[in-house]
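Going down the list, the protein sequences come from chains F and H. All letters in the first sequence, in the order written, are residues -18 to 130 by my numbering. All letters in the second sequence, in the order written, are residues 440 to 578 by my numbering. Here a beta-carbon is modelled for each residue, glycine too, at the ideal position from N, C-alpha and C. Computed from a predicted structure; not experimentally measured. To start, the structure under review is shown below, and the notes come after it.
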Amino acid sequence: MRIDSSLVGLKGKEKIFEVEKGAIRAFARAIGDDNPLYNVESYAKEHGYSSIVAPPTFPITNFVPMPFQFDPKWSLHASQEYIYERPIVAGDVLRCNGEVVEVYDRQGKLGRMTFVVMEEKGEDLEGSLVFRVKKTLIFRQKEDEDGWN
Amino acid sequence: MDGIDFDRIEVGQDLEPLVKPAIEKVQVVKYAGASGDFNLIHIDDEAARNVGLPGVIVHGMLTMGFLGQLAGQLAGSKGLVRRLQVRFLGMVVPGDILTCRAKVINKDESQRTVDLAVSAERELGKAVAAGEITLKFPK
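Structure (structure tokens):
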């Protein structure tokens, strides 16, 4: 599949994100983040949360596949943005959807590069927006081939 | 963990940086497991060298996780990390020591939000990632 503007509007498959305490703790531990809100349930409850809170980059653990095929070796992660209406907490069940919103080319040091912007949103089961993600990936064209991977 | 004091924070202020310990290879493997990103360029030196890298490189999202840690510390137990935006600017490799910095660039009294310019630096002034954080505080 060519990576070009024909991808705009392409939607990924909906995915249910079940937020678990153990997964939050393992994620915070891997970062080395000892924030008690992410680790100690009694502390989180004392501060008004129903359970432990997830770190802001936690949605990365919910792998939402890109709605097109590509070779990750030829891609670079350019930027990432999270916007929250409220924090994610353990016990949340969130419905996640992703969509390609923009594709554009730039000439760079490594030749022509194609930027793909994806947006993802997570809603609770009542339909209230909880978070949004905006991710930009760069795809490099292989020098020895015409096509894209 | 009480975060910054919204009423005292001022535009232009540099906040206390977060200095992370040197990133060990095992931390990168742990992050791969916890995040589910098992791209071999983060785990296997040979696989990384085969695509022209010097060896394994650290997930950009781990660096962003450090900036998220700083955001959470500054928000404290009552504030909300409303927005976290990061551009990845350079490669990070095991052994690197990253310092996460934040400077107040905007304060909105009516919304009770502050915008911070943030960066993760390997050496002073050499950012491997940079972006913005918006924190929102209750009345």
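Query raised in the report: Count the other CB atoms within 10 Å of the CB of Q60/F; is the residue buried (16 or more) or exposed (fewer)?
Result: Here residue 60/F is Ser; the residue named in the question, Gln, does not match the sequence. It counts as buried.
Query - Separation of G475/H from A7/F, as counted between CA atoms - result: In a straight line, the C-alpha of A7/F is about 11 Å away from that of G475/H.
Query raised in the report: Nearest to V0/F by CA position, among E66/F, F96/F, Y19/F, is which residue?
Result: Minimum Cα distance to V0/F is reached at Y19/F.
Query raised in the report: Going along the chain, which residues of the region -10 to 16 of chain F sit with their C-beta nearer than 8 Å to a C-beta in chain H?
Result: A4, A7, F8, R10, A11, I12, G13, D14, N16
Requested in this report: Could you check which residue in D15/F, R121/F, I69/F has the C-alpha nearest to that of K90/F?
Outcome: R121/F
Report task. Using 10 angstroms around the beta-carbon of K116/F, count the other beta-carbons present and answer buried if the total reaches 16, otherwise exposed. Result -> buried
Query - 7 Å CB neighbourhood of L492/H in its chain, flanking five on each side removed - result: I480
Query raised in the report: So is A579/H in contact with chain F if we call contact Cβ pairs under 8 Å?
Result: This structure leaves residue 579/H out entirely; chain H is present only between 440 and 578.
Requested in this report: Output, in chain order, the set of chain H residues within a Cβ distance shorter than 9 Å of Q61/F.
Outcome: G499, M500, M503, L523, Q524, V525, R526, F527, G570
Query raised in the report: Can you give the beta carbon distance from R551/H to F445/H, rounded, assuming they're within the 8 Å contact cut?
Result: With a Cβ gap of about 6 Å, R551/H and F445/H count as contacting.
Report task. Could you give the DSSP three-state label for N545/H: helix, strand or coil? Result -> strand
Report task. Give every residue of the same chain whose Cβ lies closer than 7 Å to the Cβ of N43/F, excluding the five residues on either side of it in the sequence, and list them in chain order. Result -> K(-4), F(-2), C77
**Report entry** One or two residues paired with D73/F in a DSSP bridge
**Finding:** BP columns for D73/F are empty, so no partner.
Query raised in the report: A473/H lies in the alpha helix (DSSP H); which residues open and close that run?
Result: 464 to 474
Report task. State the CB to CB distance for the pair R526/H and A568/H, rounded to an integer number of angstroms; the pair is presumed to be in contact (CB under 8 Å). Result -> Indeed they touch by this definition, with Cβ atoms about 7 Å apart.
Query raised in the report: If contact means a Cβ-Cβ distance below 7 Å, which residues of the region 535 to 569 of chain H contact chain F?
Result: none
Query raised in the report: Just how far apart, CA to CA, sit H28/F and E22/F?
Result: C-alpha separation (whole angstroms): 10 Å.
Query raised in the report: Mind checking if A461/H is an interface residue toward chain F, Cβ cutoff 8 Å exclusive?
Result: no
Report task. With a cut-off of 8 Å on the beta carbons, I'd call P456/H and R540/H a contact; round off their distance for me. Result -> About 5 Å separates the two Cβ atoms, so the contact holds.
Query raised in the report: So with Cβ pairs under 8 Å, would you call V574/H a contact of chain F?
Result: Correcting the residue identity first, residue 574/H is Leu in this sequence and not Val. Output row for L574/H: interface = no.
Query raised in the report: Among all the DSSP beta bridges, which residues are the ones paired with I119/F?
Result: Per DSSP, L57/F, F96/F.
Report task. Compare the Cα-Cα distances from P577/H to each of A556/H, M500/H, E548/H, F505/H and report the closest residue. Result -> The option with the nearest alpha carbon to P577/H is E548/H.
Report task. Starting from the Cα of D554/H, find the closest Cα among I443/H, Y470/H, T538/H, L574/H and give me that residue. Result -> Answer by Cα proximity: L574/H.
Query raised in the report: Alpha carbon to alpha carbon, how far is L537/H from M530/H?
Result: 12 Å
Query raised in the report: Are the beta-carbon atoms belonging to K565/H and A11/F less than 8 Å from one another?
Result: no
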